[in-house]
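Asks: Have a look at this one before I ask anything.
2 protein chains.
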Amino acid sequence: MSEAKVSRAERQRQTRERLIEVAEQMFLAVGYAGTSLDKVAVEAGFSKGAVYSNFAGKEELCLAVLDTIHAQKIRRVLDLFSEDVPIESRLKNFLEWSRSGLGEPQWTALEVEFAAVARHNPWVASELVKRHREVRRLIEQLISSTLADAGLETTIPVEQVATALLAMGAGLGGLRALDPRIDMDVFGAVLTGLVRPISSDEPTSSDASSSS
Amino acid sequence: MSEAKVSRAERQRQTRERLIEVAEQMFLAVGYAGTSLDKVAVEAGFSKGAVYSNFAGKEELCLAVLDTIHAQKIRRVLDLFSEDVPIESRLKNFLEWSRSGLGEPQWTALEVEFAAVARHNPWVASELVKRHREVRRLIEQLISSTLADAGLETTIPVEQVATALLAMGAGLGGLRALDPRIDMDVFGAVLTGLVRPISSDEPTSSDASSSS
DNA sequence: GTCTATAAATCGATAGAC
DNA sequence: GTCTATCGATTTATAGAC
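Chains A and B are the protein sequences, given in the same order.
Every position in the first sequence, counted from 1, becomes a number in this note's numbering once 66 is added.
Every position in the second sequence, counted from 1, becomes a number in this note's numbering once 66 is added.
Spelled out as structure tokens, the structure:
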């Protein structure tokens, strides 16, 4: 009985999942404009009608694809900053992962290409903005808490560091999509360069204007 | 006689220039995919045939548009770092300009969208890479020479600073194309955060491994 | 909910007249 | 070199059968 009952809602959930899965591969491989809904449907073993039964259109499908990717990335980042990991290793592991897994060129390229498309659809644009702000806040929290635990501080406000990392991640990925020789270590180098040990002489009340 | 003679090559040069001019407006306004060659031609006062008489196709037209924009940007930057400007003001003026004029969202959005398109055309991709490398080298030279003159140095290799600024400029512009509330001061803040006064005690021969 | 068939529109690119 | 006319190919989206 249980196997027969899942044939109702579960069946469609699988269809939707399969479509997203195939769409993700194609969007990443040939970009947003280069992907047609018909090919996605056929490759997934369905027809175009199935796509329109599960998504309002191409933009909503891509939005769903990006959501699954975002969920994966966020899960990975949260793992890297998990309490199971020694405090000293968290930042190091994250930077190592950022070299390859974070700013995958294909993903970043899709992200920015779709952002360009979304400019003409206010609803999609607002959805993207919502997601970007959430991600930025997450980065912000992870940075500030991790640095504090490690006895470090940023040389500029942490909000700006978060924005900088987000922008640089997108930019580096976009550049590398064209030029494989891009130095991805820049991401970690900049973050490292914006960090310093907490100086205990700064907040000591008296002298505030020492250098320059 | 002089006015009649320019009717040969000069006439076509004006056509080409006018097409680029209109194409630039449209590409920036509605993006690469959203711009049709027919509309460009009509808006410029010609027909589509004129476009194909002057450009090999849509991609070459966009490449020409990007080249004129790049030329403008580079000219502006060189002015900002000109010898006519006091050394202390150069970086400050550049950072002020970077807040608005450097990473215009429309331009950046076009740049990244076209980069996504160029992934499928090896020749266009190589042309873009060529341009990016030139720009990166220019940034690199300007930073290193300007900082040296001002008694400053970067906390990470200047090559990485140049790559970071290029990537962050693209990323920030792309983000702002969607979200106008993006803090563009981040660009200057990061650059400032990666700079420090030249420390005369570092290169003093003896101790090389002090911290961590 | 999925499929088939088709509508409807667009656009890049080309050929030939002038 | 520019214009007119058109090809050809694609794609999004919809309507109706099952």
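Note that CB positions come from ideal geometry on N, CA and C, so glycine has one too.
Quick one, which of A:A130, A:Q138, A:V261, A:N159 has its alpha-carbon nearest F44 (chain A)'s?
Replies: Shown here, chain A extends from 67 to 278; a query on residue 44 (chain A) therefore has no answer.
Asks: Looking at chain B, which residues of the stretch 191-223 of chain A have a Cβ within less than 7 angstroms of any of its Cβ atoms?
Replies: Residues passing the 7 angstroms Cβ filter: A191, L194, V195, H198, T221, I222.
Asks: Between the alpha carbons of E76 (chain A) and A116 (chain A), how many angstroms are there, rounded?
Replies: The sequence position of residue 76 (chain A) within the first sequence is 10, counting from 1. The sequence position of residue 116 (chain A) within the first sequence is 50, counting from 1. Between E76 (chain A) and A116 (chain A), the C-alpha separation is close to 15 angstroms.
Asks: Between the alpha carbons of V183 (chain B) and R242 (chain B), how many angstroms are there, rounded?
Replies: Locating residue 183 (chain B) in the second sequence gives position 117, counting from the first residue. Locating residue 242 (chain B) in the second sequence gives position 176, counting from the first residue. Roughly 21 angstroms separates the two Cα atoms.
Asks: With DSSP as the reference, label T81 (chain B) as helix, strand or coil.
Replies: Here residue 81 (chain B) refers to the residue found at position 15 when the second sequence is read from its first residue. T81 (chain B) falls in the helix class under three-state DSSP.
Asks: How is V72 (chain B) classed by DSSP in three states: helix, strand or coil?
Replies: Looking up residue 72 (chain B) in the second sequence gives position 6. Residue state, collapsed to three classes: coil.
Asks: Spell out the partners DSSP gives T174 (chain A) in its beta bridges.
Replies: For the purposes of this step, residue 174 (chain A) is taken as the residue at position 108 of the first sequence. Paired residue(s): none; T174 (chain A) is not in a bridge.
Asks: Express the C-alpha separation of G100 (chain A) and T258 (chain B) in angstroms, rounding to a whole number.
Replies: Start at 1 with the first residue of the second sequence, and residue 258 (chain B) comes out as number 192. Start at 1 with the first residue of the first sequence, and residue 100 (chain A) comes out as number 34. If I take the Cα positions, the gap works out to 40 angstroms.
Asks: Which of the three DSSP states, helix, strand or coil, is assigned to S265 (chain A)?
Replies: Taking the first residue of the first sequence as 1, we reach residue 265 (chain A) at position 199. Correct three-state label for S265 (chain A): coil.
Asks: Check whether the Cβ atoms of V88 (chain B) and A110 (chain B) sit closer than 8 angstroms, and answer yes or no.
Replies: Residue 88 (chain B) sits at position 22 when you count from the first residue of the second sequence. Residue 110 (chain B) sits at position 44 when you count from the first residue of the second sequence. Contact flag set, yes.
Asks: Buried or exposed for S192 (chain B), going by 16 or more other Cβ atoms inside 10 Å?
Replies: Reading the second sequence from its first residue, position 126 is the one you call residue 192 (chain B). It counts as exposed.
Asks: Using the beta-carbon count (16 or more within 10 Å), is A137 (chain B) buried or exposed?
Replies: Numbered from 1 along the second sequence, position 71 holds the residue referred to as residue 137 (chain B). By the 10 Å Cβ count, A137 (chain B) comes out exposed.
Asks: Return no unless some Cβ of chain A is closer than 8 angstroms to the Cβ of T81 (chain B).
Replies: Counted from its first residue, the second sequence places residue 81 (chain B) at position 15. No, T81 (chain B) lies away from the interface with chain A (no Cβ there is under 8 angstroms from its Cβ).
Asks: For T101 (chain A), would you say it is in contact with chain B, using Cβ-to-Cβ distances shorter than 8 angstroms as the test?
Replies: Indexing the first sequence from 1 puts residue 101 (chain A) at position 35. No, no contact with chain B.
Asks: Given R185 (chain B), which residues of its chain have a CB within under 8 angstroms of its CB, disregarding the five upstream and five downstream residues?
Replies: Position 119 of the second sequence, counting from 1, holds the residue named residue 185 (chain B). Excluding residues within five positions, the ones whose Cβ falls inside 8 angstroms are A191.
Asks: How many Å lie between S277 (chain B) and R247 (chain A) at the Cα?
Replies: Position 211 of the second sequence, counted from the first residue, corresponds to residue 277 (chain B). Position 181 of the first sequence, counted from the first residue, corresponds to residue 247 (chain A). Its pLDDT being 43, under 50, S277 (chain B) is placed unreliably by the model, and the measurement read from it follows with that caveat. For S277 (chain B) and R247 (chain A), the distance between alpha carbons rounds to 31 angstroms.
Asks: For I135 (chain B), which residues of its own chain have a beta-carbon under 8 angstroms away from its beta-carbon, when the five flanking residues on both sides are left out?
Replies: For the purposes of this step, residue 135 (chain B) is taken as residue 69 along the second sequence, with counting starting at 1. Within the same chain, I135 (chain B) has close Cβ partners E90, W173.
Asks: Less than 8 angstroms separating the beta-carbons of L213 (chain A) and E206 (chain A)?
Replies: On the first sequence, residue 213 (chain A) is found 147 positions in, with the first residue counted as 1. On the first sequence, residue 206 (chain A) is found 140 positions in, with the first residue counted as 1. The answer is no: Cβ separation not under 8 angstroms.
Asks: Where does E219 (chain A) fall in DSSP's three states?
Replies: Reading the first sequence from its first residue, position 153 is the one you call residue 219 (chain A). Residue state, collapsed to three classes: strand.
Asks: Based on Cα-Cα distance, which residue from B:I153, B:A107, B:F112, B:R165 lies nearest to M250 (chain B)?
Replies: Numbered from 1 along the second sequence, position 184 holds the residue referred to as residue 250 (chain B). Closest by alpha carbon: B:R165.
Asks: Which of helix, strand or coil does DSSP assign to I86 (chain A)?
Replies: Position 20 of the first sequence, counted from the first residue, corresponds to residue 86 (chain A). I86 (chain A) falls in the helix class under three-state DSSP.
Asks: When Cβ atoms are compared, which residues of the stretch 177-188 of chain A fall closer than 8 angstroms to chain B?
Replies: Against chain B - using a Cβ distance shorter than 8 angstroms - the residues of the stretch 177-188 of chain A are V178, E179, A181, A182, V183, A184, R185, H186.
Asks: Name, please, each residue of chain A whose Cβ falls closer than 8 angstroms to the Cβ of L260 (chain B).
Replies: Here residue 260 (chain B) corresponds to residue number 194 of the second sequence, with the count starting at 1. In chain order: V256, G259, L260.
Asks: Closest Cβ-Cβ distance between G107 (chain B) and chain A: below 8 angstroms?
Replies: Position 41 of the second sequence, counting from 1, holds the residue named residue 107 (chain B). Before going further, note that residue 107 (chain B) is Ala rather than Gly in the sequence given. No, no contact with chain A.
Asks: For a test of the three-state rule: what should DSSP assign to S210 (chain B), helix, strand or coil?
Replies: Along the second sequence, read from residue 1 onward, the residue named residue 210 (chain B) stands at position 144. Reduced to three states, the DSSP call for S210 (chain B) is helix.
Asks: Relative to the C-alpha of L194 (chain B), which candidate in B:Q80, B:L103, B:V131 has its C-alpha closest?
Replies: For the purposes of this step, residue 194 (chain B) is identified with residue 128 of the second sequence, where counting begins at 1. Ranking the options by Cα distance to L194 (chain B), first place goes to B:V131.
Asks: Can you pull the chain A neighbours of D249 (chain B), defined as C-beta to C-beta under 9 angstroms?
Replies: In the second sequence, residue 249 (chain B) corresponds to position 183, counting from 1. Ordered by position in chain A, the residues that pass the 9 angstroms Cβ test against D249 (chain B) are E225, Q226, T229.
Asks: Residues in the same chain with beta-carbon distance under 7 angstroms from R202 (chain B), minus the five sequence neighbours each way, listed in chain order, please.
Replies: Translated into the one-based positions of the second sequence, residue 202 (chain B) becomes position 136. If we look at R202 (chain B) and ignore the five residues flanking it on each side, its Cβ neighbours are A228, T229, L232.
Asks: What span of residues does the alpha helix (DSSP H) with H136 (chain B) cover, start to end?
Replies: The residue you call residue 136 (chain B) lines up with position 70 of the second sequence. Its alpha helix (DSSP H) spans residues 124-146.
Asks: May I ask which residues mark the beginning and end of the alpha helix (DSSP H) holding E225 (chain B)?
Replies: Here residue 225 (chain B) refers to the residue found at position 159 of the second sequence. Counting along the chain, the alpha helix (DSSP H) containing E225 (chain B) begins and ends at 224-244.
Asks: I'd like to know whether the C-beta atoms of V178 (chain B) and G240 (chain B) end up nearer to each other than 8 angstroms.
Replies: Here residue 178 (chain B) corresponds to residue number 112 of the second sequence, with the count starting at 1. Here residue 240 (chain B) corresponds to residue number 174 of the second sequence, with the count starting at 1. In this structure, G240 (chain B) lies closer than 8 angstroms to V178 (chain B) by Cβ.
Asks: Does I264 (chain B) come within less than 8 angstroms of chain A when only Cβ atoms are used?
Replies: Here the question's residue 264 (chain B) lines up with position 198 in the second sequence. No, I264 (chain B) does not count as interfacial toward chain A.
Asks: How is L260 (chain B) classed by DSSP in three states: helix, strand or coil?
Replies: Counting from 1 along the second sequence, the entry for residue 260 (chain B) is found at position 194. Residue state, collapsed to three classes: coil.
Asks: So N120 (chain A) packs on R82 (chain A), CB below 8 angstroms; how close in whole Å?
Replies: As a working note, residue 120 (chain A) is residue 54 in the first sequence. As a working note, residue 82 (chain A) is residue 16 in the first sequence. Contact flag correct, Cβ pair sits at about 5 angstroms.
Asks: In the stretch 140-173 of chain B, which residues sit with their C-beta less than 8 angstroms from some C-beta in chain A, listed in chain order?
Replies: Against chain A - using a Cβ distance shorter than 8 angstroms - the stretch 140-173 of chain B contributes no residues.
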